[in-house]
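Protein sequences appear in the order of chains B and C.
If you read the first sequence in this note's numbering, its first letter stands for residue 1, the second for the next number, and so on.
If you read the second sequence in this note's numbering, its first letter stands for residue 625, the second for the next number, and so on.
Written below as structure tokens is the structure these notes are about.
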Amino acid sequence: MPYGWWGRLLEVDLSTKNVKITKVDRSVMRRYIGGRGLGVKLLWDRLGQKWEEIDPLGPDNILLILTGPLTGYYPGGRVCVTGKSPQSNGIVGSTVGGEFGVELKCAGYDGIIVNGVAEKPVYIWIEDEEVEIKDALHIWGKDAKETLRTLTRELRSEASKKHQLRGVCKEPSILYIGPAGENRVRIAAVAAKITHAAGYGGYGAVMGSKMLKAIAVKGTGPLPEVAEPDEFEKALDDVCKSLTRSFTMRYWGTGSAGYTVGADTSSEPVRNWQEEWHDEARYGSSSFESKVWIKRFWGDFGCPTTCLKLAMIKYGKFKGTLTDNPDYELQAYLGTNLGVFEPDGSVYLSAKADDLGLCGIQVGNVLGFTAELYQRGILTKEDLGFELKWGDVEAFAKLQEMIARRVGIGDVLAEGTYRAALKISKMKKIDAMPYAVQVKGIGVGAHGIRSGLDYTKPTAYVCNLQGGDHTSVSNLDEKNRPEEWEIILIDSAVVCWFNFRKEHVYRFFRAVAGWNISEDELYNEIAPRIAAIQRTLLLLGGPDVYWDPRVDDDNPPRFYEPLPSGPKKGATVKREDVDKLKQIYYRVAGWDEYGLPKGETLEKLGISEVREALERVKQRLQIS
Amino acid sequence: MGEEKAKIWIFRDYERCSGCRRCEIICSLRHEGRIWPEASRIRVFMLIPGLEIPHLCTQCPDYPCVSACPFNALTVDDKTGAVLVDVDKCTGCGKCIDACPGKVPYIHPRMRYAVICDLCGGEPECVRVCTEAGYNALIKIPRFPTQAYKVYARRPEDVVRDLALKVYGEEWEGWV
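Next comes the structure, spelled out in structure tokens:
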């Protein structure tokens with residue numbers, strides 16, 4: 001038996017209702033780790049031959065919920081949700097915090113593969129060896145809180161009857177979708193708890209397309225054995241002590257950045273990125289603390305950082321609203337990006353995104369895009385049904401509802417910024433793309449590149465395997481290696497970005513998995529291997545959108561405009577610099593001048609079979 | 625009094641629980657040698673997210689679980705006041721659970737015996753990690769002769785219902 005993982009995936013076919021165990025060999029883990037890496041491998045094996053034909057929202061797509069070998073052991077429980085993305089038409093390793101991955105492992109599985117489509121709404125209920133596909137008609141259409149509440153109650157009450165003599169049963173862990181996912185909104189998230197989301201990638205829509213409302217799991221067993229129990233306990237103690245010292249991250253989380261990323265680094269989206277600077281002190285952590293935070297430390301399994309805070313509005317017209325922080329990304333995207341500079345406005349819009357099952361970043365991106373089109377008179381009151389002014393929280397909330405339910409213009413915006421821009425360009429006979437701040441179908445995270453003061457460098461999103469994903473940036477690191485290689489380790493081991501400390505993670509690999517992972521193995525074999533396949537599938541794309549690296553390996557047009565305000569006024573990135581850096585990135589990644597993994601790279605990485613798929617890309621792009 | 629002095633109690637402040645479950649992790653590592661939340665002697669309930677409840681024995685002064693055990697499997701540790709389970713005698717019949725006002729004991733998920741907090745012999749590990757993290761949802765305090773501890777033997781449903789009213793407001797009353 002391998003240490004740290006079981007080597008077993010639960011495979012459920014919703015069309016045939018067939019349930020089986022699929023074994024994963026230890027050698028696969030050594031080549032792809034788990035989480036994002038294993039997802040890439042499974043999707044390549046199963047769909048690679050016909051990737052371009054697979055509709056991400058059709059019956060042939062596969063939904064994967066994957067843990068990594070460190071899930072449950074390394075502090076801060078997360079799980080990776082993946083499949084063919086309905087946003088990028090490639091693969092996004094989208095991770096979400098919570099206990100789901102731990103419960104799954106305690107139930108005896110490293111992950112779940114969901115195939116097919118159910119005839120009517122269902123949810124999957126896993127209790128150790130028992131797996132049931134259950135009717136979900138009663139929760140279909142329900143928002144996040146009601147879904148979670150109903151399932152928790154009904155599954156606990158069943159468990160109490162079944163295990164009457166055992167004592168009081170705990171709740172299961174649940175991943176679910178809101179109305180947005182049900183309506184196949186491409187910016188729908190897969191949610192956990194009340195407020196956590198696997199947002200990037202749009203896998204809420206994939207669940208919806210499979211008529212799968214939720215997956216609930218209770219594992220009553222232990223986590224798999226570890227290779228070196230004593231060393232593991234020491235390593236756990238050390239990393240927890242070390243993380244406990246990160247004072248500001250613990251006390252403010254990312255919730256102080258809504259002010260500072262604007263005021264300090266001039267890299268925060270303001271009014272759809274027309275600006276990246278603001279000095280609105282009332283939007284600082286001090287206001288969030290005193291007005292809305294009702295819990296200082298809130299965290300997921302084993303986390304000593306607990307950067308989440310709970311926010312609730314106890315006054316005024318938004319009374320009763322509950323969400324986490326909001327963290328920096330949503331302070332920005334459902335705040336400054338919409339011209340909202342009041343903590344309660346951002347809390348309200350964040351909670352609305354939670355309730356509807358929307359990705360807060362993606363919906364904030366498309367709302368900002370819409371408001372700019374309104375500002376420019378491209379979209380009008382007649383198109384929307386109401387006025388849409390910067391800072392109008394209630395108007396934006398209304399639009400969120402319309403998106404989640406695909407009502408009116410919401411049906412267009414539900415396609416995400418990129419596809420909405422294509423549609424509106426056609427509709428209005430103008431070019432809306434200059435206002436779309438996205439890369440390869442994915443709205444850019446809330447960290448700009450123009451000021452040069454943030455961690456995001458000029459190519460952060462350009463060669464990014466996950467488009468605009470700010471957690472997976474394609475910077476060059478201090479040793480001139482692709483920084484995304486490290487992120488691949490984070491998403492494949494499935495640990496939290498904020499708790500990631502490389503030396504500790506390596507130590508955990510040894511103590512938990514008995515795997516003496518080396519920097520060399522990671523940077524020269526595992527990460528580039530995963531990246532080469534992920535890149536190939538991204539460039540295969542289809543069937544509705546395709547990417548041409550010569551055009552689409554680029555920043556959004558807006559990032560080439562000079563910053564209009566703040567201490568970094570006038571700053572921008574130069575296209576020729578980006579082009580130069582891009583070529584360096586390609587080279588160190590082992591890709592050719594078009595950004596296609598080279599034949600020799602594939603051979604060195606032991607994945608020559610990918611060559612044939614790259615030929616298909618070349619054919620489409622008409623390059624040799 | 626000397627004996628009483630050595631006894632401790634785990635003070636619990638539910639509102640300060642971060643839901644991190646490091647108490648479950650360390651408890652199951654100490655008692656089971658594995659990370660095993662369902663076999664932990666302290667169990668964190670998340671019946672409403674954000675209002676996590678650590679559920680553990682409070683050592684009622686009259687120990688109703690001990691007197692309810694038909695097999696004399698439960699005894700009180702003279703030194704700490706903790707309830708000790710004799711796993712050879714315990715049959716997992718669940719009478720202790722019935723007798724407990726808070727339904728705290730739990731039958732081990734793989735073995736036929738009850739698991740109950742043993743206070744780690746006087747140095748509870750769950751308290752150590754909670755204190756170290758600065759949450760102080762669990763604090764070790766000296767145990768004085770009082771009935772007060774018994775009122776903490778409550779079902780997680782009842783605690784979270786109160787907490788929801790207090791922290792989230794009355795619209796959350798019917799959640800659980």
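Don't be surprised by glycine CBs; every beta carbon is placed ideally from N, CA and C.
Taking C-beta to C-beta, are residue i and residue j nearer than 8 Å?
{"i": "C:E648", "j": "C:R636", "result": "no"}
{"i": "B:N480", "j": "B:T417", "result": "no"}
{"i": "C:S642", "j": "B:T306", "result": "yes"}
{"i": "B:Y283", "j": "B:P343", "result": "yes"}
{"i": "B:G98", "j": "B:K162", "result": "no"}
{"i": "B:V494", "j": "B:G101", "result": "yes"}
{"i": "B:M249", "j": "B:F500", "result": "no"}
{"i": "B:L334", "j": "B:A353", "result": "yes"}
{"i": "B:G542", "j": "B:E154", "result": "no"}
{"i": "C:P685", "j": "C:L762", "result": "no"}
{"i": "B:E129", "j": "B:P172", "result": "no"}
{"i": "C:Y638", "j": "C:L787", "result": "yes"}
{"i": "B:G37", "j": "B:D110", "result": "no"}
Among the options, whose alpha-carbon lies nearest the alpha-carbon of residue i?
{"i": "B:P121", "options": "B:Q164, B:P179 and B:A395", "result": "B:P179"}
{"i": "B:K317", "options": "B:W293, B:L349, B:E372 and B:C106", "result": "B:L349"}
{"i": "B:A216", "options": "B:Y374, B:R558 and B:I112", "result": "B:I112"}
{"i": "B:T95", "options": "B:G204, B:P458, B:K423 and B:R510", "result": "B:G204"}
{"i": "B:E228", "options": "B:K569, B:P557 and B:R507", "result": "B:R507"}
{"i": "B:L66", "options": "B:I33, B:A531 and B:W51", "result": "B:I33"}
{"i": "B:V226", "options": "B:G595, B:L70 and B:L539", "result": "B:L70"}
{"i": "C:C644", "options": "C:R778, C:L789 and C:A757", "result": "C:A757"}
{"i": "C:E794", "options": "B:K314, B:D279, B:R184 and B:G345", "result": "B:K314"}
{"i": "B:F297", "options": "B:G258, B:A311, B:I530 and B:K291", "result": "B:A311"}
{"i": "C:R767", "options": "C:Q683, C:V700, C:R785 and C:L698", "result": "C:Q683"}
{"i": "C:P661", "options": "B:K105, B:K234 and B:S85", "result": "B:K105"}
{"i": "C:D712", "options": "C:R785, C:Y737, C:K631 and C:A772", "result": "C:Y737"}
{"i": "B:E593", "options": "B:V551, B:K604 and B:K568", "result": "B:V551"}
{"i": "B:Q400", "options": "B:V363, B:V206 and B:Y3", "result": "B:V363"}
{"i": "B:R186", "options": "B:A257, B:S15, B:A118 and B:I403", "result": "B:I403"}
{"i": "B:G116", "options": "B:K50, B:S209, B:G90 and B:G201", "result": "B:S209"}
{"i": "B:G48", "options": "B:G68, B:K213, B:P75 and B:R616", "result": "B:R616"}
Cα separation between residue i and residue j?
{"i": "B:D577", "j": "B:S267", "result": "19 Å"}
{"i": "C:G745", "j": "C:D702", "result": "10 Å"}
{"i": "C:R665", "j": "B:V40", "result": "39 Å"}
{"i": "B:N524", "j": "B:D477", "result": "14 Å"}
{"i": "B:D13", "j": "B:Y73", "result": "30 Å"}
{"i": "B:Y176", "j": "C:C693", "result": "42 Å"}
{"i": "B:Y455", "j": "B:E519", "result": "22 Å"}
{"i": "C:C681", "j": "C:V728", "result": "6 Å"}
{"i": "B:I430", "j": "B:G58", "result": "31 Å"}
{"i": "B:R78", "j": "B:G35", "result": "10 Å"}
{"i": "B:L581", "j": "B:T321", "result": "45 Å"}
{"i": "C:G626", "j": "C:A706", "result": "For C:G626, the pLDDT reaches just 45, beneath the cut-off of 50, and the residue's location in the model is therefore unreliable, leaving the point undetermined."}
Kindly give me the distance between the Cβ atoms of residue i and residue j, rounded to whole angstroms, as I take these residues to be in contact under 8 Å.
{"i": "B:T195", "j": "B:T323", "result": "5 Å"}
{"i": "B:C169", "j": "B:R149", "result": "Rounded, the Cβ-Cβ distance is 16 Å, inconsistent with contact."}
{"i": "B:V340", "j": "B:G391", "result": "6 Å"}
{"i": "B:R376", "j": "B:A571", "result": "Between B:A571 and B:R376 the Cβ distance is about 24 Å, and since that is not below 8 Å, they are no contact."}
{"i": "B:G360", "j": "B:A197", "result": "7 Å"}
{"i": "B:G302", "j": "C:R752", "result": "Not a contact, Cβ separation roughly 15 Å."}
{"i": "B:K295", "j": "B:G253", "result": "The pair is not a contact, with the Cβ atoms about 11 Å apart (cut-off 8 Å)."}
{"i": "C:L653", "j": "C:T704", "result": "Rounded, the Cβ-Cβ distance is 20 Å, inconsistent with contact."}
{"i": "B:L539", "j": "B:P549", "result": "7 Å"}
{"i": "B:A188", "j": "B:G357", "result": "5 Å"}
{"i": "C:C650", "j": "B:G167", "result": "As written in the sequence, residue 650 of chain C is Ile, which differs from the Cys given in the question. Not confirmed; about 21 Å, so no contact."}
{"i": "B:I607", "j": "B:I526", "result": "Incorrect: roughly 12 Å between the Cβ atoms, too far for contact."}
{"i": "C:V709", "j": "C:V739", "result": "7 Å"}
{"i": "B:G262", "j": "B:H278", "result": "4 Å"}
{"i": "B:Q87", "j": "B:G410", "result": "That belief does not hold up - the Cβ atoms of B:Q87 and B:G410 are roughly 17 Å apart, past 8 Å."}
{"i": "C:V784", "j": "C:L675", "result": "5 Å"}
DSSP puts residue i in a beta bridge; with which residues?
{"i": "C:P678", "result": "C:V668"}
{"i": "B:Q438", "result": "B:G443"}
{"i": "B:T370", "result": "Paired residue(s): none; B:T370 is not in a bridge."}
{"i": "B:D13", "result": "B:N18 and B:N115"}
{"i": "B:V190", "result": "B:A198"}
Using a Cβ cut-off of 7 Å, which residues of the region 635-650 of chain C contact any Cβ in chain E, in chain order?
No chain E is part of this structure, whose protein chains are labelled B and C.
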